[in-house]
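2 protein chains.
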Amino acid sequence: MKLTPMMQSLVLHFGEMGSRWGLNRTLGQMYAVIVLTEAPLNADQISEALQISRSNVSMGLKELKSWNLIKLQHIPGDRKEYFSAPSDIWEIARTLVVERRKRELDPTLSTLRDALMEQPSNASDEYTQMRVQQMHDLMEMVTLWTNEMQGMSSEKLSALLKLGEGISKILDVKDKLLSR
Amino acid sequence: MKLTPMMQSLVLHFGEMGSRWGLNRTLGQMYAVIVLTEAPLNADQISEALQISRSNVSMGLKELKSWNLIKLQHIPGDRKEYFSAPSDIWEIARTLVVERRKRELDPTLSTLRDALMEQPSNASDEYTQMRVQQMHDLMEMVTLWTNEMQGMSSEKLSALLKLGEGISKILDVKDKLLSR
DNA sequence: TACAATTTTCACAAATTACTGAAAATTCAG
DNA sequence: CTGAATTTTCAGTAATTTGTGAAAATTGTA
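Chains A and B supply the protein sequences, listed in that same order.
What the first sequence shows, in numbering that gives the first Met the number 0, is residues 0 to 179, in sequence order.
What the second sequence shows, in numbering that gives the first Met the number 0, is residues 0 to 179, in sequence order.
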């Protein structure tokens, strides 16, 4: 499979970004080619398109599976496994947010809880615990949000995000409603 | 500077997480010790606390400065430079979000725009552009949001996040108000 | 069940990233 | 200005991460 120049440059870019997104270069490239190609792809096609070894593709697919970012499908009469990304970009975003939360927040939340259970050994530990408490509360709220996001339809999510600068006003309205 | 066991374990944890957060181990540890200690710290103290070389600390501080995560301050009668984190945890969160957006979204947004300007060379490119458009729109909304976040006070931000599961309801209310 | 097709694993190699000590540059009190 | 204190830079090295080919495991069909 040969990539068009447009694809080529997008794939390269997502490779660069991959590492900044908690994936890595190859994973970024692989996911780019899967997301940006309409037809499901098999490992050999990916390997050829990105000029990387078959085994590397296998490991990458394993990782993408663990992120729930790809769907496996079979094509009648073909024994190979084909992969595609969800067609709804919001679903991809939702998944990314949740999976990153799992990896970036959940373990920390648990460590923070442990620290809060400990007996402070001196004044300095007391300050530390105070900060830990603040971080914990913040992260817990973010967690609630991402859970909320999970349950929202793409339409609703899109509407919420479109609100953009309007969110401030909505908040004010809500305050008024409650204070009445 | 010797760390209490509580600090020690928190610092180690944030070191682990550092790499998942787009920083790296040392940066994570450094920021943990700065955030969790009440008094501003100088480079030597950090170097001793984390058992890393003075030069490594210097590079780390440079990076943390570029993230706008630390404040430089001077202590009267002392020539050394001291660093501390904002006392408001929300300010830290806001900064983190914005800086990550700069690094993780902005460059991609610009690449996506470039791709949209190009003339599709075939049907496959047309599909690609369609997906690029979707990604672009989504990322642009996220960008608007983070901008909005920037302007919000910690109190407001906290209130918004506390809304948590309530956000769905608020959205519904808003729809009703508009449709009247 | 047998076996060819396909995928996965894994030890090693390659590439990348992080860390250090020494030296250079900067800062500031006297 | 001078020079001691402090910070920064940087080339080399160490550590970590990523990629490969060969071999093992799995799959599905004839």
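Even for Gly, the Cβ is constructed at its ideal location relative to N, Cα and C.
Asked	Found
CA-CA distance, Thr3 of chain B and Ile45 of chain B?	14 Å
What residues in the region 86-104 of chain B have a beta carbon less than 8 Å from any beta carbon of chain A?	Ile88, Trp89, Ala92, Arg102 and Glu103
Gln133 of chain A CB to nearest chain B CB: under 8 Å?	yes
In the DSSP assignment, find the beta strand (DSSP E) that holds Ser83 of chain A and state where it starts and stops.	Glu80 to Ser83
Let me see if you follow: with CB-CB separation under 8 Å, is Asp124 of chain B close to chain A or not?	yes
Distance, Cα to Cα, Ser157 of chain B vs Trp89 of chain B?	8 Å
With a threshold of 6 Å on Cβ separation, who are the neighbours of Leu49 of chain A within its own chain once the five nearest residues in sequence on each side are excluded?	Gln28
If you follow the alpha helix (DSSP H) that Leu238 of chain A is part of, which residue opens it and which one closes it?	Chain A is shown only over 0 to 179; residue 238 of chain A falls outside these bounds and no answer can be derived.
Considering only the alpha carbon of each residue, which of A:Lys79, A:Ile169 and A:Arg102 lies closest to Lys175 of chain B?	A:Ile169
My parser needs the alpha helix (DSSP H) runs of 4 or more residues fully inside the region 1-60 of chain A; what are they?	4-19, 24-35 and 42-49
Determine the direct distance from the alpha carbon of Gln7 of chain B to that of Gly17 of chain B, and round the result to whole angstroms.	15 Å
Can you name, in chain order, every residue of its own chain whose Cβ lies under 7 Å from the Cβ of Ser54 of chain B, other than the five neighbours on each side?	none
Is there a Cβ from chain A that is less than 8 Å from the Cβ of Trp144 of chain B?	yes
Terminal residues of the continuous alpha helix (DSSP H) containing Ser153 of chain B?	Ser153 to Leu162
Comparing C-alpha positions only, which one of A:Ile51, A:Arg78, A:Gly21 and A:Asp87 sits nearest to Trp66 of chain A?	A:Gly21
So, using beta-carbon positions, are Ala84 of chain A and Ile69 of chain A closer together than 8 Å?	yes
Looking at the unbroken alpha helix (DSSP H) that takes in Asp136 of chain A, where does it start and where does it end?	Ala122 to Gly150
On the criterion of 16 or more Cβ atoms from any shown chain inside 10 Å, does Lys31 of chain B qualify as buried, or is it exposed?	According to the sequence as given, residue 31 of chain B is Ala; it is not Lys. Buried: at least 16 other Cβ atoms inside 10 Å.
Listing by chain order, which chain B residues have their CB less than 8 Å from the CB of Met16 of chain A?	Glu103, Pro106 and Thr107
I'd like to check one pair, Phe82 of chain B with Ile51 of chain B: are the Cβ atoms closer than 8 Å?	no
Is the CB of His73 of chain A under 8 Å away from at least one CB in chain B?	no
Out of curiosity, what's the CA-to-CA distance linking Lys64 of chain B and Glu98 of chain B?	11 Å
Assuming Leu9 of chain A and Ala114 of chain B form a contact by the criterion Cβ under 8 Å, report the distance between their Cβ atoms to the nearest whole angstrom.	6 Å
Please report whether the beta-carbon of Leu35 of chain B lies at a distance below 8 Å from any beta-carbon of chain A.	yes
For Lys161 of chain B, return the contacting residues in chain A, with the cut-off set at a CB-CB distance below 7 Å.	Met140
Within 8 Å (strictly less), CB to CB, does Glu80 of chain B reach chain A?	no
So which of B:Met129, B:Thr142, B:Glu125 and B:Ala92 has the shortest CA-CA distance to Glu154 of chain B?	B:Ala92
Between which two residues does the alpha helix (DSSP H) carrying Leu108 of chain B extend?	Asp105 to Met116
Taking Cβ to Cβ, would you say Asn41 of chain A is nearer than 8 Å to Lys79 of chain A?	yes
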